[in-house]
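First residue of the sequence shown? That's 591 in the working numbering, and the numbers climb one at a time after it. Cβ coordinates follow ideal geometry from the N, Cα and C atoms, glycine included. It should be emphasised that the depicted structure is a prediction, and the values quoted were computed from it without experimental measurement. See structure below.
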Amino acid sequence: MNLEWAVPLEYLAAVVVESGTWHHGLMARWWAEFVATAEPEELDYFRAAIRKFGEPALDLGCGAGRILIPMLAEGFDIDGSDVSADMIAEARALAAKNGFSPGLTVEPTYELDLPRKYRTIYMCGVFGIGGRREHDREALRRAYRHLEPDGALLIANHWFPYGEGDEQRWARWLPGHRADIPRDWPSEGERRTASDGDEIEMFFRLGDLNPLLQRETLQMRARLWHGGQIVKEEAHDLHENLYFSQEILLLLEGAGFRDVAVEGGYTGQPAAPDDGMVVFVARRPV
Ligand SMILES: C[S@@+](CC[C@H](N)C(=O)[O-])C[C@H]1O[C@@H](n2cnc3c(N)ncnc32)[C@H](O)[C@@H]1O
């Protein structure tokens, strides 16, 4: 269906920040308000990883600090970096609220250039976002350069294209099965009340899926409601390169990593064919 928007899409498209991701503006606030808490199994996993591979650690694509802040609270020496200044501002505010002032930088992974070297670098739900494969390759090279010898890079929360077990979604890879893309916008968004009483409403849809390029575009539109009126609207696209396991292994090897393990979910155990979400654990050789 066609939604009525106060601001024409053409104008919104013109003001969209071209980072290839949608984690700006109202979406950054959404993350800080409603996606702020990590699952206990995630925290257990990253805590154990930093203990195993060592400090300092870098949360690459740290977002609003969902994992970073709990790791700081554990006492770890950990920095954060993200392409989105809005996400970093949220992380900084949350860190300050908890009495921390971590090293935080606004930088895309593929331009990472920090003065420190790390023993553990992890990316959680970040790899592939942005949509340019040369950026993904360069991100791995940069991560490698920022690791101490014997340090580890973890590509965590990596979902395979078939990973959610959603047959309808997977069927869209088949020839002739993409006529409904771009999908219609949902008639109602997901509307939630923020801490200051304003409401944020989010609409999401699949904008494009190209099996040849293994790339999809997800689109979102957001509304900010204040006193029952829409006071702001935003639109952002998220482009994502879709990677299968063997491709990431090749990319990691190409960047210089060795002894790469693929773990199923956050179990720490070798991945099985039915695992939809995995963690790649790659070592920089001594
Ligand atoms: C799904 S969120 C995950 C945030 C955080 N890792 C977490 O688990 O809560 C993805 C994050 O990756 C960031 N991001 C996307 N592309 C990036 C890039 N090229 N360089 C650095 N950060 C990026 C986004 O801004 C966003 O904060």
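**Message:** Alpha carbons only, please: which of L764, E757, H826 is nearest the one belonging to M792?
**Reply:** For the purposes of this step, residue 792 is identified with residue 202 of the sequence shown, where counting begins at 1. Residue H826 is the option with its Cα nearest to M792.
**Prompt:** Helix, strand or coil: how does DSSP classify G693 here?
**Reply:** Position 103 of the sequence shown holds residue 693. It is coil, neither helix nor strand.
**Message:** Less than 8 angstroms between the C-beta atoms of G653 and L684, yes or no?
**Reply:** Here residue 653 is taken as the residue at index 63 of the sequence shown, counted from 1. Here residue 684 is taken as the residue at index 94 of the sequence shown, counted from 1. No, Cβ-Cβ distance for G653 and L684 is not below 8 angstroms.
**Prompt:** By the 10 Å Cβ neighbour count, where 16 or more other Cβ atoms means buried, how is V625 classified, buried or exposed?
**Reply:** Here residue 625 corresponds to residue number 35 of the sequence shown, with the count starting at 1. By the 10 Å Cβ count, V625 comes out exposed.
**Prompt:** How long is the line joining the alpha carbons of R637 and M661, rounded to whole angstroms?
**Reply:** In the sequence shown, residue 637 corresponds to position 47, counting from 1. In the sequence shown, residue 661 corresponds to position 71, counting from 1. Going from the Cα of R637 to the Cα of M661 covers about 7 angstroms.
**Assigned secondary structure, N592 (DSSP; H/G/I helix, E/B strand, else coil)** = Taking the sequence shown and counting its residues from 1, the one referred to as residue 592 is at position 2. Its pLDDT being 45, under 50, N592 is placed unreliably by the model, and nothing is read from it.
**Item:** Sequence-distant residues of the same chain with beta carbon closer than 8 angstroms to G866, five excluded per side
**Value:** Along the sequence shown, one-based indexing puts residue 866 at 276. The residues are W749, F750, Y752, G753, E754, G755.
**Request:** Mind reading off the beta-carbon distance from L737 to R874? Whole number of angstroms is fine, and I expect it under 8 angstroms.
**Result:** Taking the first residue of the sequence shown as position 1, residue 737 is located at position 147. Taking the first residue of the sequence shown as position 1, residue 874 is located at position 284. The beta-carbon separation of L737 and R874, rounded to 4 angstroms, stays under the 8 angstroms limit for a contact.
**Asked** What do you get for P765, buried or exposed, if any count of 16 or more other CB atoms within 10 angstroms of its CB means buried?
**Response** Start at 1 with the first residue of the sequence shown, and residue 765 comes out as number 175. Answer is exposed; the Cβ neighbour count stays below 16.
**Asked** Using a Cβ-Cβ distance under 8 angstroms, would F847 count as near chain B?
**Response** The structure shown has no chain B; it contains just one protein chain.
**Request:** Please say whether L832 and G718 have beta carbons closer to each other than 8 angstroms?
**Result:** Looking up residue 718 in the sequence shown gives position 128. Looking up residue 832 in the sequence shown gives position 242. Yes, Cβ-Cβ distance for G718 and L832 is below 8 angstroms.
**Prompt:** What residues in its chain sit with their C-beta under 8 angstroms from that of Q539, if we drop five residues either side in the sequence?
**Reply:** The structure shown does not extend to residue 539, since the chain is modelled only from 591 through 876, so no value can be given for it.
**Prompt:** Nearest-angstrom Cα distance between G610 and A681?
**Reply:** Your numbering for residue 610 matches position 20 in the sequence shown. Your numbering for residue 681 matches position 91 in the sequence shown. The alpha-carbon separation between G610 and A681 amounts to approximately 20 angstroms.
**Message:** Which of the three DSSP states is assigned to L684 in this structure?
**Reply:** Residue mapping note: residue 684 aligns to position 94 of the sequence shown, counting from 1. Note: L684 maps to helix in three-state DSSP.
**Request:** Identify, in the order they occur along the chain, each residue of the same chain with its Cβ nearer than 7 angstroms to the Cβ of S691, setting aside the five sequence neighbours on each side.
**Result:** Position 101 of the sequence shown, counted from the first residue, corresponds to residue 691. Excluding sequence neighbours, S691 sits near A685.
**Message:** For R706, tell me which candidate among M713, G715, Y700, T695 has the shortest Cα-Cα distance.
**Reply:** By one-based count along the sequence shown, residue 706 stands at place 116. Closest by alpha carbon: T695.
**Request:** Tell me whether L764 sits in a helix, a strand or coil according to DSSP, three-state version.
**Result:** Here residue 764 corresponds to residue number 174 of the sequence shown, with the count starting at 1. Here L764 sits in coil by DSSP.
**Message:** Given a cut-off of 8 angstroms on the beta-carbon distance, is the pair A639 and I657 in contact?
**Reply:** Within the sequence shown, residue 639 is the residue found at index 49, counting from 1. Within the sequence shown, residue 657 is the residue found at index 67, counting from 1. With respect to I657, A639 sits apart: the two C-beta atoms are not nearer than 8 angstroms.
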